[in-house]
Amino acid sequence: MPRRRRCCGCLPLLRASSEVWSLSSQAMADLTIRNITATPLELKLMERFEAQPAVGGGRKNITSRVTGIFNSTSALAAKIEAQGDARDRREVSIPIAPFETRVTDLRTADPGREVVRLTFEADGHRYQVDVPSASHRSTVMDNLDGGPNEYTVVYVLTGSCLSIFSSAHLASWMRELRDEYPLSALSIPGTHNSPTCHVALPSVRCQAVGVREQLENGVRFFDIRVNVNPDSSELALVHAAFPISLTGSKYFKNMLDVIYAFLDANPSETLIMSVKREGTGRGTDQRLSMILKEKFYEDGKRWYTEPRIPNLGEVRGKIVLLRRHLNDESLDKEWGGRGWGLDGSVWPDNCADGRVGSGIARVQDFYEIDQSTNIQKKIELARSHLERAAEPVCPLPPAGTEAPPPQPFFINFLSASNFFRANCWPEKIAAKANPAIIEYLCLRHGEPGKGPVGLDVGDAGTGIVVTDWVGQEGDWDLIRCIVGWNAKLQVKQ
Numbered sequence: 090m091p092r093r094r095r096c097c098g099c100l101p102l103l104r105a106s107s108e109v110w111s112l113s114s115q116a117m118a119d120l121t122i123r124n125i126t127a128t129p130l131e132l133k134l135m136e137r138f139e140a141q142p143a144v145g146g147g148r149k150n151i152t153s154r155v156t157g158i159f160n161s162t163s164a165l166a167a168k169i170e171a172q173g174d175a176r177d178r179r180e181v182s183i184p185i186a187p188f189e190t191r192v193t194d195l196r197t198a199d200p201g202r203e204v205v206r207l208t209f210e211a212d213g214h215r216y217q218v219d220v221p222s223a224s225h226r227s228t229v230m231d232n233l234d235g236g237p238n239e240y241t242v243v244y245v246l247t248g249s250c251l252s253i254f255s256s257a258h259l260a261s262w263m264r265e266l267r268d269e270y271p272l273s274a275l276s277i278p279g280t281h282n283s284p285t286c287h288v289a290l291p292s293v294r295c296q297a298v299g300v301r302e303q304l305e306n307g308v309r310f311f312d313i314r315v316n317v318n319p320d321s322s323e324l325a326l327v328h329a330a331f332p333i334s335l336t337g338s339k340y341f342k343n344m345l346d347v348i349y350a351f352l353d354a355n356p357s358e359t360l361i362m363s364v365k366r367e368g369t370g371r372g373t374d375q376r377l378s379m380i381l382k383e384k385f386y387e388d389g390k391r392w393y394t395e396p397r398i399p400n401l402g403e404v405r406g407k408i409v410l411l412r413r414h415l416n417d418e419s420l421d422k423e424w425g426g427r428g429w430g431l432d433g434s435v436w437p438d439n440c441a442d443g444r445v446g447s448g449i450a451r452v453q454d455f456y457e458i459d460q461s462t463n464i465q466k467k468i469e470l471a472r473s474h475l476e477r478a479a480e481p482v483c484p485l486p487p488a489g490t491e492a493p494p495p496q497p498f499f500i501n502f503l504s505a506s507n508f509f510r511a512n513c514w515p516e517k518i519a520a521k522a523n524p525a526i527i528e529y530l531c532l533r534h535g536e537p538g539k540g541p542v543g544l545d546v547g548d549a550g551t552g553i554v555v556t557d558w559v560g561q562e563g564d565w566d567l568i569r570c571i572v573g574w575n576a577k578l579q580v581k582q
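Residue numbers (the numbering used here): 90 to 582.
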């Protein structure tokens, strides 16, 4: 069986041998605040409460797992909430500029025993959050006086760090960005083997939820594999040699109907779709290219197929084709002889920083995981590619002047697998991968000198981050963190 990428690989966030902090040392740590938004914030009030076990879901607007995944003991992971009156109350004035990291002199909460309530001010309005919150999920700050902003916070226990993101409306997050930005300048969440949410072999299934729910929650890159037959234009969805569902074949056309409906409802958005031929069918790449052209292209109404990286304004409401297959020679004449679709037909294999043959992308796609301990290597490679993606700067030229050529895409697969080892199947590795990348995005991404090799920080984009098993039990934190980094582009607007 050919080797295929199947799942997210990552390291445990706290390793018992070196990273687990004692309760006493953690209790002495000072709170760090990262403002990963385009608006200045000021911490105005700190209140300290005794903690008690949380009843039910705790405070409002919980979006996904966060605090607990950074802990290695059940004691630290217990859900707690504030009880009684504040036993310590301090009025403070701690400004945090956009994209500033501020180490305060405020002792963070004693894990399991305390809750610290923080009140921030932005544009004359106040917002409040408990640290840690009553659930192990990211939290939207309480809006105390009807202010216009909304902020999502992620508290990372290991770094005593509260990271604050602008709360994106995930179904339409692209509407906040200018048309002039090339897609490669954006921070884009993606999914690996995107439609594989159905009942299937555990080594085949890579996703917790379907494509519509992924789109509604901000995913804007789909990785699609299809089976091609020489005598049929039907394209069944597959993962390597296997169908994606044990209850009957699922088809490309039906998936497109779902995507089209989403784009009709959210015309500010676009979707990059990587299409690759897999499965047992005997059809060729060339056959696949003609099926796509003749059956689905629709004269450009739904698809963007010019072989260059577009600006966002050119492709709102459309699917951008990234073809990981060869074209029929007749399609080489399209677009003035430049070809058809973004060309990913020469794709680097099992790589740390491979170049796509056409030059449109740099790819981290190391997927050979022989045992669960190899996940550490995968994590470091994913972090390094995030650092590379953060280095470029995308200038916005003055009106009427020509923009410079766009940077290539940075495509970063968190997926890896070993078909023969159950502890290296997609869901198992994603349970370690996704929290580790959340931690990196909250603590180190975009922070000068904090990346694996210390590259300069430009626009602090993440590139395209391709994930497994997002959305499980409502956990969209990884997607929120990726989308949140687009705020750096909004500062330039």
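Ideal Cβ positions, reconstructed from N, Cα and C, are used throughout, including at glycine. Keep in mind that this is a model prediction, so the values were computed, not measured.
Could you tell me whether the segment 320 to 336 touches the segment 389 to 400, where touching means 3 or more Cβ pairs closer than 8 Å? no
Look up Gln303 in the DSSP assignment and give the residues it is bridged to. Paired residues: none, contrary to the question.
Check whether the Cβ atoms of Ala441 and Leu470 lie closer than 7 Å to each other. yes
Nearest CA to the CA of Asn355: which residue from Asn282, Asp312, Arg405? Arg405
Quick check: the Cα distance between Ala525 and Ser321, rounded to an integer number of angstroms? 43 Å
According to DSSP, what are the bridge partners of Ile485? Rather than Ile, the amino acid found at residue 485 in this sequence is Leu. DSSP lists no partner for Leu485.
Based on the DSSP output, what are the partners of Ser255 in its beta bridges? Tyr240
Confirm, please, whether the CB-CB distance from Pro541 to Glu480 is below 7 Å. no
Mind checking which residues open and close the beta strand (DSSP E) that includes Lys365? 360 to 367
Just how far apart, CA to CA, sit Lys382 and Met344? 17 Å
Determine the direct distance from the alpha carbon of Gly489 to that of Ser434, and round the result to whole angstroms. 35 Å
Here's a check: name, in chain order, each residue in its chain whose Cβ is nearer than 6 Å to the Cβ of Cys570, leaving out the five neighbours to either side. Ile527, Leu530
Meets three-Cβ-pair contact criterion under 8 Å: the segment 283 to 302 and the segment 240 to 259: no
Classification of Glu491 by the beta-carbon crowding that lies within 10 angstroms, buried from 16 upward: exposed
Ser161 versus Glu239: straight-line alpha-carbon distance, rounded: Annotation note: pLDDT 25 at Ser161 (below 50); position unreliable, coordinate value reported separately. Approximately 31 Å, taken between the alpha carbons.
Could you tell me whether the Cβ atoms of His328 and Thr285 are closer together than 7 Å? yes
Please return the same chain residues whose Cβ sits closer than 8 Å to the Cβ of Ser111, not counting the five positions on each side in sequence. In this prediction, Ser111 scores a pLDDT of 39, lower than 50, which makes its location untrustworthy; the coordinate-derived value is nonetheless stated afterwards. Cβ neighbours of Ser111 beyond the five flanking positions: none.
What are the start and end residues of the beta strand (DSSP E) that includes Asp374? Counting along the chain, Asp374 falls outside any beta strand (DSSP E), though it belongs to the alpha helix (DSSP H) covering 374 to 380.
First and last residue of the beta strand (DSSP E) that includes Gly279? 277 to 280
8 Å Cβ shell around Leu401 - same chain, five flanking residues per side excluded: Met263, Leu266, Arg267, Asp268, Glu269, Tyr270, Pro271, Leu272, Leu275, Thr359
State the CB to CB distance for the pair Val580 and Ala127, rounded to an integer number of angstroms; the pair is presumed to be in contact (CB under 8 Å). 5 Å
Since Ser551 and Gly279 should fall inside the 8 Å C-beta cutoff, what is the C-beta to C-beta distance between them, to a whole number of angstroms? The residue you asked about is not Ser; residue 551 is Thr in the sequence shown. 10 Å between Cβ atoms; not a contact.
So is Val559 buried or exposed if we call it buried at 16+ other beta carbons inside 10 Å? buried
Integer Cβ distance of Ile553 from Phe498, believed to fall under 8 Å: 6 Å
Near the ligand MG: Val572 beta-carbon under 6 Å from a heavy atom: Ligands in the displayed structure: none, and consequently the ligand MG is not present.
How about Ile277 and Ile185: do their beta carbons lie closer than 7 Å? no
Please look up how many angstroms separate the CB atoms of Val204 and Pro221, rounded, as I've assumed it's under 8 Å. 7 Å
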